[in-house]
Amino acid sequence: MLNIHNLSISFQGEYLFEDITFKLGVGDRIGLIGKNGAGKSTMLRILSKEQEADTGQMAADKNLKIGFLKQDIDFDFGKTVLEESYEAFKDIKDCEAKLEQINAQLAERTDYESDSYNQLMIDLNEIQHQYEILGGYNYQGDTEKILQGLGFKREDFNKLTDTFSGGWRMRIELAKLLLQNNDLLLLDEPTNHLDIESIIWLENFLKNYNGAVVIVSHDKMFLDNVTNRTIEISLGRIYDYNKPYSKFLELRKEIKTQQLAAQKNQEKQIQQTEKLIEKFRAKASKATMAQSLIKKLDRMDRIEVDEDDNSVMTLNFPVSIVPGKVVVELDNVSKNYGNLKVLNAVDLTIPRDTKTAFVGQNGQGKSTLAKIMVGELEHEGQLKIGHNVQIGYFAQNQAEYLDGNKTVLDTMIDAANETNRSKVRDILGSFLFRGEEVEKYVKVLSGGERNRLALAKLLLQPLNVLIMDEPTNHLDIKSKNVLKEALKKFEGTLVLVSHDRDFLQGLTDVVYEFKDQKIKEYFGDIDFYLEQRNIENLREAEKRTVVEVTPKENNKKSYEEQKKLKSLNNKLSNIESKINQLEKDIKNDDIALETNYDETVSDPKFFDIYQAKKNQLEQLMLDWEDIQDTIDKLS
1 MLNIHNLSIS FQGEYLFEDI TFKLGVGDRI GLIGKNGAGK STMLRILSKE QEADTGQMAA
61 DKNLKIGFLK QDIDFDFGKT VLEESYEAFK DIKDCEAKLE QINAQLAERT DYESDSYNQL
121 MIDLNEIQHQ YEILGGYNYQ GDTEKILQGL GFKREDFNKL TDTFSGGWRM RIELAKLLLQ
181 NNDLLLLDEP TNHLDIESII WLENFLKNYN GAVVIVSHDK MFLDNVTNRT IEISLGRIYD
241 YNKPYSKFLE LRKEIKTQQL AAQKNQEKQI QQTEKLIEKF RAKASKATMA QSLIKKLDRM
301 DRIEVDEDDN SVMTLNFPVS IVPGKVVVEL DNVSKNYGNL KVLNAVDLTI PRDTKTAFVG
361 QNGQGKSTLA KIMVGELEHE GQLKIGHNVQ IGYFAQNQAE YLDGNKTVLD TMIDAANETN
421 RSKVRDILGS FLFRGEEVEK YVKVLSGGER NRLALAKLLL QPLNVLIMDE PTNHLDIKSK
481 NVLKEALKKF EGTLVLVSHD RDFLQGLTDV VYEFKDQKIK EYFGDIDFYL EQRNIENLRE
541 AEKRTVVEVT PKENNKKSYE EQKKLKSLNN KLSNIESKIN QLEKDIKNDD IALETNYDET
601 VSDPKFFDIY QAKKNQLEQL MLDWEDIQDT IDKLS
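For the sequence shown, the residue numbers in my numbering are 1 to 635.
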């Protein structure tokens, strides 16, 4: 299908990759991985023939059709969603125009016996035949099916694309590519703007895709579910294995271990040979032997160990000042977009030093509420920001907040103040912008590099509350891990909007699920939330509208037994929630007694309430055991 031979490309005198060779074949579903700035998007542009390599050849099958989904797309406004999607069918639309023209002529003509009228009938028949072969009678249905798979509703079809966000416009572009029956699909971060249902739909579509697919993505689960081959770009070289991402990592580790062992053995042989050479050199009778050994060493293929690019950003969010006990309080907050109600009478209190996750399907109001909290959106209801609260905000579309015509250095200097302007270069260095890289214009940065720059800008402002909306979009896997560790160590208050379970695990202590204009609170981390929902992973949590799981072994039980089990499980979940809440309340009381005894015990009812909580907790634990025993007997 496509052969790449000795391909090289450099940027500002340094090679992104040099003399790389690989082939793409039918059925290949390739995950193209590497750290931010390694050259992944550049490789896609070369494969799509949008950019030329410095050296090397690329040979493709004749009439190879390539579809390319870029991170940043150009969009013509003024068309409806359907009209824009139909742009995928240029040949069909051309046929429709010709058919319309011929039919218009036939309607006006009365010379039915003339040669010209007969020729029109022949042309009509030929174009109708061509129209049928191209799929003209099916393309509208196919378009609607793809759009719905990507999350559009029927009532969206006739809305202008101008009214949709960049993420939704990207879905339209993706729909066009999927409708074109390309031989090769090049997808640059296709999941960044998709909700979980759409990601699952896209996974299934790509698994059954007949052509070849090359995907740049930092979503480990997506890569493992879709790809059958991984190509890593690292330090100008590529590592190519017929394995999905996780198995590729295991294989790379094994190979490197073998290389290190082989290299160690070879070094021993070389040292022994060099000792013999030195020994034989001193004796004239052994000079010939010494020369033979020298030639042997020169001919030896030295074993090389694959290099790893271990450069990662350094990230630490210092807390500015200690805020009040409550940092954000929302009372009866509602938000409409025209006739669409997103949030309805939401109450929310964010205490100091908590780490909170917002989860749920796209369009349920997570980002909306985050924007309300930072004062970006008007709303109904009350928003109260606590005493001494200083909020740092990372938006989902963070790239749009950066000026593409500024350099990396100018972006930081303009955001700095007198006290930290001198630290700008040091901060950039810790985010892997070093040397001449600080003179790059923002518009030429990769998506991950822009996110790193946006994170660096956050460090220039005093903050004690972080509100972050999908901060891992575009970040490579190593950078994700660095960000997670920094947020774990952050001693302030965190509110995090994310779909990424791997990222959320162990990071937050309370979860709010957004659904049907409301929010529901779960005290615990993301795993506790998933247990409460009785599901295995976050994808299912966002996919299901009603979650009722009956174990397979119960399928043969009587209806009454199943009904009783369901009731008991519901009671058990309710008790578990109360236990978690009481444990948290008692822990807060213990901290209050420890840190501020006099003020705490000044309330004469404190110890009575405190003891009542403990008694209630003890009784709930006994109730939990009784119900669990009953469930075990029925199961």
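Quick reminder that beta carbons are idealized off the backbone N, C-alpha and C, glycines included.
Short Cβ contact (8 Å threshold) for residue i with residue j
i           : j           : result
residue 206 : residue 315 : no
residue 352 : residue 493 : yes
residue 60  : residue 2   : yes
residue 35  : residue 480 : no
residue 186 : residue 66  : yes
residue 233 : residue 38  : yes
residue 396 : residue 469 : yes
residue 197 : residue 225 : no
residue 85  : residue 172 : yes
residue 122 : residue 99  : no
residue 44  : residue 214 : yes
residue 523 : residue 584 : yes
residue 424 : residue 323 : no
residue 175 : residue 199 : no
residue 498 : residue 472 : yes
residue 334 : residue 376 : no
residue 385 : residue 328 : yes
Secondary structure of residue i, DSSP reduced to three states
i           : result
residue 548 : Caution is warranted here: a pLDDT of 37 is assigned to residue 548, below 50, making its placement in the model unreliable, and no coordinate value can be reported.
residue 349 : strand
residue 183 : coil
residue 3   : strand
residue 336 : strand
residue 326 : strand
residue 16  : strand
residue 418 : coil
residue 56  : strand
residue 555 : With a pLDDT of only 39 at residue 555, under 50, the local geometry of the prediction cannot be trusted, and the value read off the model is given with reservation. Residue 555: coil per DSSP, three-state reduction.
residue 299 : helix
residue 623 : helix
residue 331 : strand
residue 493 : strand
residue 524 : coil
residue 289 : helix
residue 576 : helix
residue 43  : helix
residue 513 : strand
residue 424 : helix
residue 446 : coil
residue 536 : Confidence is the limiting factor: at residue 536 the pLDDT is only 45, short of 50, which leaves the residue's position unreliable, though a coordinate-based value still follows. The answer is coil: DSSP assigns residue 536 none of H, G, I, E or B.
residue 321 : coil
residue 479 : helix
residue 314 : coil
residue 630 : helix
residue 8   : strand
Residue closest to residue i, alpha-carbon to alpha-carbon, out of the options
i           : options            : result
residue 452 : 464, 463, 506, 437 : 437
residue 442 : 154, 479, 410, 404 : 404
residue 136 : 571, 240, 179, 569 : 179
residue 71  : 254, 104, 510, 475 : 475
residue 212 : 7, 604, 27, 161    : 27
residue 412 : 380, 450, 381, 377 : 450
residue 317 : 427, 564, 417      : 427
residue 313 : 577, 218, 593, 433 : 433
residue 245 : 255, 264, 258, 218 : 218
residue 21  : 105, 238, 188, 421 : 238
residue 183 : 161, 209, 585, 159 : 209
residue 32  : 240, 327, 525      : 240
residue 636 : 13, 139, 58        : Outside the shown range of the chain (1 to 635) lies residue 636, about which nothing can therefore be said.
residue 346 : 368, 361, 69, 138  : 368
residue 568 : 613, 608, 596, 630 : 630
residue 8   : 46, 192, 54, 295   : 54
is_contact[residue i, chain D] using C-beta, thresh 8 Å
i          : result
residue 36 : Structure shown: chain D not included; a single protein chain is present.
For residue j and residue i, believed in contact at Cβ under 8 Å, the rounded distance
i           : j           : result
residue 593 : residue 616 : Not quite, the Cβ-Cβ distance comes to about 18 Å (not below 8 Å), so this is no contact.
residue 391 : residue 465 : 5 Å
residue 513 : residue 359 : 6 Å
residue 349 : residue 326 : 6 Å
Contact test: residue i Cβ vs the ligand FMN heavy atom, cutoff 7 Å
i           : result
residue 288 : As presented, the structure is devoid of all ligands, the ligand FMN included, so that no description of it is given.
Open item on the list: Please give me, in chain order, every unbroken run of the alpha helix (DSSP H) with length at least 4 that falls completely inside the region 66-96.
Closed with: 81-85
Open item on the list: Threshold first: 4 residues or longer. Then list the alpha helix (DSSP H) segments lying entirely within the region 339-413, N to C.
Closed with: 366-373
Open item on the list: Please give me, in chain order, every unbroken run of the alpha helix (DSSP H) with length at least 4 that falls completely inside the region 109-139.
Closed with: 115-133
Task: alpha helix (DSSP H) runs wholly inside the region 167-247, at least 4 long, in chain order - done: For the region 167-247, whole alpha helix (DSSP H) runs of length 4 or above, ordered along the chain, are 196-207, 220-226.
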